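All remarks here apply to the structure that follows.
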Amino acid sequence: MIPLPPPAEPATTLVAALRSRRSRYSYGPLSRQDLGTLLGLAVGVQRHVPPHVLGMNPTAGGLPSLAVHVVVDGEVFEYLREPHALCRTGTADLAGVFAQDGFAERARAAVVLTGRMGPGLAKYGPRHYRTVHLDAGVAVQNLYLVATAVGLRCCAVAGFADDAVKALVRGGEEDVPLALFVVGGTPRPVPAPEK
1 MIPLPPPAEP ATTLVAALRS RRSRYSYGPL SRQDLGTLLG LAVGVQRHVP
51 PHVLGMNPTA GGLPSLAVHV VVDGEVFEYL REPHALCRTG TADLAGVFAQ
101 DGFAERARAA VVLTGRMGPG LAKYGPRHYR TVHLDAGVAV QNLYLVATAV
151 GLRCCAVAGF ADDAVKALVR GGEEDVPLAL FVVGGTPRPV PAPEK
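Structure below.
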């Protein structure tokens, strides 16, 4: 298990983050602090209401309907919001995951959201196929706003091969790939060649 640093408080206001939020397609290095802030503020723990642990991203019925995975430098991790840490689950190459190969080539990190269908189906029946997509949408918007507030570059991606994503995160039969979120720092400018 790899503990993540506690989330840093962004200096940017919500209104400023909403106004400047954009999908961006080039990425620089991503620090552990930035990753900890992104995950902690977007999909981490907000509060405890025994017996529930409620996240920064609300879910239908407060159920643990989403699994959050992170791919960094060819390693795959599951994000554990308690204790705010990464648990290594394997290695992977992002080639063949994205419908557009450019994402795999440029990505510094990818957050992978999968739906855990069991708890929601037990409570809501087939309606959970709708609620789990709403849950993922809330998480993606949180990821966008936090990434923007801390100066990261990001893009949500819906074009991916479901089977490749399931293999990447070692998902079970009830796990449904929902969204990928590519993220990184601001790329450093390439110096002009000397004359």
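Residues in the sequence shown are numbered consecutively from 1, following UniProt numbering. Ideal placement from N, C-alpha and C gives every residue a C-beta, glycine not left out. Since this is a predicted model, take the numbers as computed values, not measurements.
- For residue 88, the closest alpha carbon among the candidates 96, 79, 95 is that of 79.
- Note that the C-beta distance between residue 5 and residue 36 is below 8 Å.
- In the displayed model, residue 91 falls within a strand according to three-state DSSP.
- A contact between stretches requires three or more CB pairs, one per stretch, nearer than 8 Å, and the region 161-178 fails this requirement with the region 43-61.
- For residue 180 and residue 116, the gap between their C-alpha atoms comes out near 15 Å.
- By the neighbour-count criterion, in which 16 or more other beta carbons inside 10 Å mark a residue as buried, residue 7 falls on the buried side.
- Residue 40 is a Cβ neighbour of residue 84, given a cutoff of 8 Å.
- Per DSSP, residue 22 lies in no beta strand (DSSP E) and is assigned neither H nor E.
- Annotated as distal: residue 92 and residue 113, with beta-carbon spacing of 8 Å or more.
- With contacts defined by Cβ atoms closer than 8 Å, residue 38 and residue 97 do not form a contacting pair.
- Annotation: the region 116-169 contains the following complete segments of the alpha helix (DSSP H) (minimum length 4 residues), in chain order: 117-124, 128-149, 162-169.
- With the rule of 3 Cβ pairs closer than 8 Å, the region 11-29 counts as touching the region 144-154.
- Residue 107 and residue 170 have their C-alpha atoms some 20 Å from each other.
- In the structure shown, residue 104 falls within a helical segment according to DSSP collapsed to helix, strand and coil.
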